[in-house]
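Below: one structure, written as structure tokens.
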Amino acid sequence: MSGPKDPIRSERRASAKPNIVTQPTLDQLPVAVLVVDETGTLISANPYACDLLRLLPAELLNRSLHDLVHADDRHLLMPAGASQPSLSAQTIRLHGAVDTVSLVCTCSAMAGNRLLLMLPVDHLIAEIAGLRNDETRWKYALESALEGVWDHDFSTGNLFYSATWKRLRGLPEDAQVDGSLDRWIENVHPDDRAHVVASIARQDSGEVTYNTFQYRERHADGHWVWIESRGASVAYGEDGKPTRIIGTDTDITPRKEAEARLEEISRRLRLALDVSKIGVFDHNLETQETLWDERILGIYGLDPKAGAPSGRNWEDMLHPDDREKAIARVNDGVAAGAPFTNAFRIVLANGEIRHIRANTAFYVDRDGTRKLIGANWDVTEDIALQEELRKAKAATEARNRELEEARIRIEYNALHDYLTDLPNRRYLDQILADDPTLNAILHLDLDRFKQINDTLGHQAGDAMLTHAAAILLSHADQDDFIARIGGDEFVILCRRGRGLDELGDLAARIVHAFRRPIPYDGQLCRLGASIGIAWRGDSDTDPKQLLMNADIALYRAKSLGRDRFEVFSEQIQNQILSAKRTGDDIRQAIEEGQFVPYYQPQFDAHSLEFTGVETLVRWDHPERGILAPIHFLKVAEEINALPAIDRNIVEMAYSDFAAWRRAGLAVPKISVNVSSRRLRDPSLISDLRAMNIPPGVMSFELLESIFLDDLEDEIAATITALNTLGIEIEIDDFGTGHASIIGLLNLNPARLKIDRALVGPITESAKQAKLVRAIIDIGHSLNIKVVAEGVETWEHAAMLRELGCDILQGYALAKPMSRTDFEERIRSGWTPSPAAESTPEKGRRYKAAK
């Protein structure tokens, strides 16, 4: 027996075709049908009616409908005087084959007959109850599913929105909703309005029956919620357009957020796979089916359309040297059932070799099938990079070794002398700071080294330094520290306790060794050594102070004639300190103008006429009075103060000379002593030009020792410039230096001054007188005037005149005097005479270069 049909839909179909009363038509109807003619006789029945009454068609046909209806219900079906049934929907009982059946019946005329349409009452009751149950279930289901229901009945204008529909939008349940499209669309996100309006338009036009779309709608609190709307058209107008649409709205915001997160994760995964170039495969262990994605196919150089290769083909692609190991690794991993890794090379169709890394894991899918999932990635570039890094690392390590060796060399070179390979001053400073066993220091300076270096060249000088290092190494003890700390300076640090006698013996042996001639380039070079010794003894003298003490002792050894050693003592230190104080006083004296000129007149040897003055320097000391050069000359030379003193004396002397000229005092000319250092001063010529000295009124007295046969280029240029300025040159102390006849011819001085050491003995020694005459003759032969200094008696004056000397200077004629005294003597018309002779001031005249 077939189930009940939908009477509403069936009635629609029957009413749609009222003239169809054929038996096939009746058989297709979803309700039970009895056809009655005008006499009330049954002339036809469909199978559904036979089933309900459990009677065969033959048992029903030609029977009276009156007999079939229960007696109590006949009045409902056959009103009094009616020949045919006439009935609106009523429940009537009919007699069946077994029992009475309650049916809902309705009667309608059709083609001159009457059709009795029937449905069982229990079926309708059950269907109605089911509908009610369905309505309740759907109500609770929609509520629990957070579905918001809406019902738009356009024919009545009734727009219904459920409480859930309102709750989704943050509206209270009793809120009044304006469902007009123009008003509602304002709450839709601007980016979604176009496709929402288009979707609604398709359904409103009847183009679609069912419609689903998603959009964003503004919540009552201002944020956006995602809505999925489903609508179905349930009633249509004559124009075919829906007149009623019912639907549901669902808040899919969490789903959209999840989808967004999933899409972001997926996007990142895709990017990660793209960037990392990882290919993924999936292998079914039961069916041996393998799936490869496009990336892994690309890695193996395969056509994506061809799909994954078979296991055998994959093995064939493995590099021959890696095949056995790679396959064994896969088999072991599958047998163990645990994740595993693999690394191998593959050979592409074009012969290219690629390095592959693989990670594989097991999983069971939802059907319970065991599978492998894994990833392959091409690490060829990484392998190449690793190889490059390995090579770079090896190169770096080699370079580091070279750098370390270079560092050691640099550090060694930084602490050692490049020529002698001895420790240098820097190394010495470290030892002085760190060595507590230091007992004594020997400070050594080579004698005559500069002369050898200047005359034979730097290579000879280097050979002498190397020879000196060898001597020191051969004489010092094994634990002594030997260093070269300067050009020709060496230091020996003695670490074990030795007394002064032992140290003196060591120094004496070294000095003696340096006296031996040194063969070099066919010549014998003679060095010498001066040594200063500083001994700590039982004192706790600071090592650096000990070095200073050795330096002081060395200075003393050099000042006493070189080629010797001296031991530091407090007396030597006091002398050095005194020299230092003198040096400080000299610097202050220069700043305060304490150095003043003194003048000693010069006279014609025959007429005793006044011919000029020699300017001498004196120190007008604020406490000790007027000091002659013997008290400061040596110290001034050591501290390089002579150029400044010379400059000041020249300026003051010329200033005095100019003043005498303005005052009408007849001073023919003036000479000034100039040191060799001032002669090498680059500012000398510019200073003289600034003074505007007239030519021929000033001469410079230069020591003979300044000149050798070959003048230094620097000094030669200076003398040429002096001649250009009209400043004459005089050679002072002639006969005691190194000038030769060739040197005199080259220099062409205006005067020669015979040294007092040669003049003094002439009154007692005929041989000395002949020597002086020879000098005078040499000067005259070269057209050079000769001046004799140190004329201390009138006997000297007379004898020098007889020998042919041109000019006389000395205490017998006039002593050096201050400017004031000199001016008074000149103004008084003073002329030298034997009565003016007095005790000479021996040894106090200034010699600028001595």
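The numbers in the working numbering rise by one with no breaks, and the one at position 303 of the sequence shown is 303. A virtual CB, placed ideally from N, CA and C, is assigned to each residue, including glycine. If you're wondering where the values come from, they're calculated on a predicted model, not measured in any experiment.
Judged by pairs of C-beta atoms under 8 angstroms, the segment 533 to 549 does not touch the segment 574 to 588, as fewer than three such pairs exist. By the Cβ-count criterion, K325 is exposed, with fewer than 16 other Cβ atoms from all chains shown falling within 10 Å of its own Cβ. Each residue's CA atom was taken as its position, placing V31 and L68 some 18 angstroms apart. Sequence-distant Cβ neighbours of D480 in its own chain, meaning closer than 7 angstroms and more than five residues away, are I492, L493, C494 and R495. Taking C-beta separations shorter than 8 angstroms and ignoring five residues to either side along the sequence, the partners of R678 in its chain run L642, P643, D646, R647, L684 and A848, following chain order. In this structure, W226 lies away from T250, with their beta-carbon atoms at least 7 angstroms apart. CA-to-CA, the gap between P694 and W660 works out to about 14 angstroms. Counted as a single uninterrupted DSSP element, the beta strand (DSSP E) harbouring Y598 occupies residues F595 to D604. In the assembly as shown, A71 is an exposed residue. Its beta-carbon has fewer than 16 other beta-carbons within 10 Å.
Runs of the beta strand (DSSP E) lying entirely within the segment 41 to 126, each at least 3 residues long, are 42 to 45, 90 to 95, 100 to 110 and 113 to 120 in chain order. The DSSP assignment places 253 to 276 as complete runs of the alpha helix (DSSP H) inside the segment 222 to 297, in order along the chain (cut-off: 4 residues). Selection R401, N400, A534 and R426 evaluated against Y412 yields R426 as nearest (Cα-Cα). For H621, the uninterrupted beta strand (DSSP E) run begins and ends at F610 to H621, by DSSP.
Take the alpha-carbon of L546 and the one of E404: they are about 36 angstroms apart.
In this structure, the straight-line span from the alpha carbon of P309 to that of L348 is close to 13 angstroms.
Counting along the chain, no beta strand (DSSP E) covers T466; the unbroken alpha helix (DSSP H) around it starts and ends at H458 to H475.
In chain order, R345 and V347 place their CB closer than 6 angstroms to the CB of H319, counting only its own chain and leaving out the 5 sequence neighbours on each side. Cβ-Cβ distances below 6 angstroms link L752 to I731, F734, G779, I784 and V786 in the same chain, with the five nearest sequence neighbours on each side left out; the list follows chain order.
Within the same chain, A483, I485 and V491 come within 7 angstroms of L428 by CB-CB distance, once the 5 residues on both sides are set aside. Per DSSP, E173 is not a residue of any beta strand (DSSP E), being assigned neither H nor E.
Counting other Cβ atoms within 10 Å of its Cβ, Y599 reaches 16 or more and is therefore classed as buried. Sixteen is the threshold: when 16 or more other Cβ atoms of the shown chains lie within 10 Å of the Cβ of D447, as they do, the residue is buried.
The count of Cβ pairs closer than 8 angstroms, one atom from the segment 259 to 270 and one from the segment 228 to 243, stays below three, leaving the stretches out of contact. The Cβ-Cβ distance between V121 and T91 falls below 7 angstroms. The beta carbons of S44 and L29 sit about 12 angstroms from each other, so the pair does not count as a contact at 8 angstroms. The continuous beta strand (DSSP E) containing T212 extends over residues Y210 to R218. Residues of the same chain with a CB within less than 6 angstroms of the CB of I826, apart from the 5 flanking positions on each side, are L665 in chain order. Cα atoms of D151 and T248: separation of roughly 9 angstroms, rounded to the nearest angstrom.
In this chain, the alpha helix (DSSP H) harbouring F657 covers L642 to A663. Taking a cut-off of 8 angstroms on C-beta distances, the segment 757 to 771 touches the segment 799 to 807, as three or more cross pairs fall below it.
Nearest Cα to L633 within the set R662, A653, N673 and R756: N673. A distance below 7 angstroms separates the beta carbons of G279 and N376.
Cβ neighbours of L56 within its own chain (closer than 8 angstroms, five residues either side excluded): C50. Within its own chain, the residues whose Cβ lies closer than 6 angstroms to the Cβ of A463, once the five positions on either side in sequence are excluded, are Y520, listed in chain order.
Shown here, R498 sits in coil according to DSSP, grouped into three states, outside any helix or strand. Our two residues, R515 and L415, have alpha carbons roughly 30 angstroms apart in a direct line.
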